[in-house]
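Just below is one structure, and these are the notes that go with it.
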Amino acid sequence: MDTLLGMRTFCAVVNEGSFIKGAESLDMSAALASKYVGQLEERLGVRLLNRTTRSMALTEAGQAYFDECAQLIADFDMLETVTRDRQATPVGHLRISAPVSFGQDRLTEALAAFLRQHPGISIETKLTDRFVNIVNEGYDMAIRIGKLEDSSLIARKLLPISISFFAAPTYLAAHGTPQRPEDLLAHQCIVDMNHRGRNNWQFETDEGTRMISVKGQYLTDSADSCRMMALCGLGIGCAPSFVVEDDVRNGHLVPLLTDLTHAEHNLYALYPHSRHVASKVRLCVDFLAHYFADGNPALSSR
Numbered sequence: 148m149d150t151l152l153g154m155r156t157f158c159a160v161v162n163e164g165s166f167i168k169g170a171e172s173l174d175m176s177a178a179l180a181s182k183y184v185g186q187l188e189e190r191l192g193v194r195l196l197n198r199t200t201r202s203m204a205l206t207e208a209g210q211a212y213f214d215e216c217a218q219l220i221a222d223f224d225m226l227e228t229v230t231r232d233r234q235a236t237p238v239g240h241l242r243i244s245a246p247v248s249f250g251q252d253r254l255t256e257a258l259a260a261f262l263r264q265h266p267g268i269s270i271e272t273k274l275t276d277r278f279v280n281i282v283n284e285g286y287d288m289a290i291r292i293g294k295l296e297d298s299s300l301i302a303r304k305l306l307p308i309s310i311s312f313f314a315a316p317t318y319l320a321a322h323g324t325p326q327r328p329e330d331l332l333a334h335q336c337i338v339d340m341n342h343r344g345r346n347n348w349q350f351e352t353d354e355g356t357r358m359i360s361v362k363g364q365y366l367t368d369s370a371d372s373c374r375m376m377a378l379c380g381l382g383i384g385c386a387p388s389f390v391v392e393d394d395v396r397n398g399h400l401v402p403l404l405t406d407l408t409h410a411e412h413n414l415y416a417l418y419p420h421s422r423h424v425a426s427k428v429r430l431c432v433d434f435l436a437h438y439f440a441d442g443n444p445a446l447s448s449r
């Protein structure tokens with residue numbers, strides 16, 4: 148007898164609660180299922196099931212065997228799937244969520260390079276600064292910036308992201324330039340509501356972490372909107388450095404409090420927990436990790 152087939156039959160019967168339903172799940176007759184379980188019991192030398200014409204129940208030995216057997220079958224199936232994935236040309240469709248400011252340039256360039264290497268894979272990106280529910284909304288993975296709180300997801304760090312504080316020269320000429328974190332309390336600040344701390348901006352100083360609760364006329368859910376409002380002279384903004392690096396370089400925005408360090412942020416690739424991660428997801432995450440590790444220095448520079 149095929150031992151693995153006997154184990155599958157036994158587990159199916161237990162999971163379904165009867166020989167008839169267990170056999171149906173494996174597309175075999177109840178008589179054949181009973182035969183396979185009987186042969187398994189004979190091979191093991193123990194009774195796994197107490198059964199009558201009306202009922203069926205696991206013996207003590209049967210319960211212990213079932214617990215181990217179910218895990219062994221799952222491990223075997225995963226091993227087969229992983230092995231096939233490694234031998235096969237990766238194919239499939241990937242749905243990815245990413246922040247607008249990062250996704251429209253840097254991520255798009257990275258994904259273009261990935262698609263050139265894997266012509267059997269197609270990608271759909273949803274660029275939004277909203278924190279999507281990956282599982283409920285049907286995404287394979289998401290790219291996010293900032294501290295993570297959802298332990299139901301696997302997080303792969305891609306690279307550190309520096310945070311900049313900035314304002315337009317016209318705003319600073321009219322209201323002065325802050326020299327210390329507490330000076331921000333006297334200024335109009337542009338608050339990104341997608342920031343984990345929202346209006347609570349954190350700084351690392353020689354005395355430790357400082358938390359400043361800023362306020363202002365304008366709240367947004369977009370780093371790009373924060374940048375634009377700062378360019379219009381409405382106040383002081385806070386966003387990932389790569390969002391404003393060109394404006395800082397050409398003098399349209401002035402970096403502030405550059406001698407201080409903002410609480411660390413990182414860029415992550417997130418995907419759901421699973422005993423087997425689909426090869427298309429694993430390939431994409433690995434590619435992005437190497438892609439950003441090999442270049443794009445502006446992403447981590449102030």
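Per the numbering used here, residue 148 is the first one in the sequence shown, and the count goes up by one each step.
Heads up, the beta-carbon is just placed ideally off N, CA and C, and yes, glycines get one too.
Indicate the three-state DSSP secondary structure (helix, strand or coil) for residue i in the structure shown.
i	result
residue 281	coil
residue 371	helix
residue 433	helix
residue 241	strand
residue 522	Look at the range of the chain in this structure, 148 to 449, and you will see that residue 522 is not part of it.
residue 317	helix
residue 379	coil
residue 230	helix
residue 276	coil
residue 337	coil
residue 384	strand
residue 205	strand
residue 191	helix
residue 366	strand
Terminal residues of the continuous beta strand (DSSP E) containing residue i?
i	result
residue 419	412-419
residue 356	355-360
residue 402	401-403
residue 176	Taken as a continuous stretch (DSSP letters only), residue 176 belongs to no beta strand (DSSP E), as it is neither H nor E.
residue 196	196-198
residue 347	347-352
residue 201	Note, residue 201: premise wrong, no beta strand (DSSP E); not H, not E.
residue 290	288-292
Can you say whether residue i is buried or exposed, counting buried as having 16 or more other CB atoms within 10 angstroms of its CB?
i	result
residue 428	buried
residue 449	Because residue 449 sits at a pLDDT of 35, beneath the cut-off of 50, its placement in the model cannot be relied upon, and the point is left open.
residue 316	exposed
residue 291	buried
residue 240	exposed
residue 167	exposed
residue 246	buried
residue 189	exposed
residue 176	exposed
residue 267	exposed
residue 314	buried
residue 379	exposed
Cutting at 7 Å between CB atoms, please list the residues of its own chain near residue i, excluding the five before and the five after it.
i	result
residue 152	183
residue 254	245 and 290
For the alpha helix (DSSP H) that residue i lies in, which residues bound it at each end?
i	result
residue 300	Residue 300 -> not in any alpha helix (DSSP H); beta strand (DSSP E) instead, spanning 300-308.
residue 255	255-264
residue 472	Only positions 148 to 449 of the chain appear in the structure, and residue 472 is not among them; the question remains open.
residue 150	150-163
residue 169	166-172
residue 388	388-396
Could you tell me whether the Cβ of residue i comes closer than 8 Å to any Cβ of chain C?
i	result
residue 368	In summary, chain C is missing from the structure at hand, where a single protein chain is found.
I'd like the list of long-range same chain contacts for residue i, defined as Cβ closer than 6 Å, with 5 residues on each side in sequence excluded.
i	result
residue 258	270
residue 209	195 and 196
residue 204	197
residue 347	358 and 360
Go through its chain and collect everything with a Cβ distance to residue i's Cβ below 8 Å, but skip five positions before and after it.
i	result
residue 173	155, 156, 159 and 180
residue 376	337, 365, 367, 382 and 384
residue 206	193, 194, 195, 196 and 197
Next item on the list: Report yes or no: do the region 303-319 and the region 355-370 share at least 3 C-beta pairs separated by less than 8 Å?
Entry: Counting Cβ pairs under 8 Å, fewer than three are found: no touch.
Notebook entry, point to check: If we count Cβ pairs, one from each stretch, closer than 8 Å, do we get three or more for the region 270-284 versus the region 364-371?
Noted result: With contact defined as three or more Cβ pairs closer than 8 Å, the region 270-284 and the region 364-371 are in contact.
Check: Can we say the region 393-406 touches the region 333-348, given the rule of at least three CB pairs closer than 8 Å?
Finding: no
Notebook entry, point to check: Can we say the region 400-407 touches the region 314-328, given the rule of at least three CB pairs closer than 8 Å?
Noted result: yes
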